[in-house]
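Asker:
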């Protein structure tokens, strides 16, 4: 199952950040070497999303994402890459 299928709202959150050219949380997520670093990046993204009035991921999705990241931090990097490339496709009119 892809990260888009498993964490659609988290990907969308980071995709919105990329569309707005607010790359700091995406960069943190992409460079995260521990689950703690992922939590910090996710918190920052959620805080921006809440401030902007964006739809936030449900608690269950956040919990599942963080649990998966505990086992494999690479999941976070996949979310960052997918969000960034998806946002670029939208910007280019391809998605």
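Numbering (my numbering), first residue to last: 4 to 98.
Heads up, the beta-carbon is just placed ideally off N, CA and C, and yes, glycines get one too.
1) Given residue 10, which residues of its chain have a CB within under 8 Å of its CB, disregarding the five upstream and five downstream residues?
2) Would you kindly work out how many angstroms separate the C-alpha atoms of residue 6 and residue 42, rounded to a whole number?
3) Can you tell which of 56, 71, 40, 75 has the C-alpha that lies nearest to the C-alpha of residue 20?
Answerer: In short:
1) 60, 64, 67, 68, 82
2) 17 Å
3) 56
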